[in-house]
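Student: According to the numbering used here, the sequence shown holds residues 54 to 141 in order.
Quick reminder that beta carbons are idealized off the backbone N, C-alpha and C, glycines included.
Here's a structure for you.
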Amino acid sequence: MFTKSPFKPSFDPSQISELADRYNFQEDAVALRAGTQIRNGKYTRTDLLAIFEWKTKGRGRARLKKNTDLEKADALTRPLSPYRHAFQ
54 MFTKSPFKPS FDPSQISELA DRYNFQEDAV ALRAGTQIRN GKYTRTDLLA IFEWKTKGRG
114 RARLKKNTDL EKADALTRPL SPYRHAFQ
């Protein structure tokens, strides 16, 4: 089956401080607030955009704009209702 192997970071451990300095907690706060709104049933373009920007750092904005409002709503509700889509 599975064997345990020691964790090996994909970067040199001497880079930890530099990488930590680049981390922006405020970006997480915006995404977490949006996620809470979505989880509570408040589906807005603003919240979707906040999650999108946090996750992608803006890559693929043109693709997001191509989606209809219905597709965007589906993307927000799908993770919260997995069984709704299981039989479609």
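Candidates 80, 97 and 91: which alpha carbon is nearest residue 109's?
Tutor: Nearest of 80, 97 and 91 to residue 109, Cα basis: 80.
Student: If we count Cβ pairs, one from each stretch, closer than 8 Å, do we get three or more for the segment 91-104 versus the segment 113-131?
Tutor: Cβ pair count under 8 Å is three or more, so yes.
Student: Note down the Cα distance separating residue 72 from residue 88, rounded to an integer number of angstroms.
Tutor: Each residue's Cα considered, the two are about 25 Å apart.
Student: Smallest Cα separation from residue 143: which of 107, 86 and 91?
Tutor: Absent from the structure is residue 143, since the part of the chain shown begins at 54 and ends at 141.
Student: Assuming residue 130 is part of the alpha helix (DSSP H), what are its boundary residues?
Tutor: That run of the alpha helix (DSSP H) goes 122-130.
Student: Output the distance between the C-alpha atoms of residue 120 and residue 101, rounded to the nearest integer angstrom.
Tutor: For residue 120 and residue 101, the distance between alpha carbons rounds to 12 Å.
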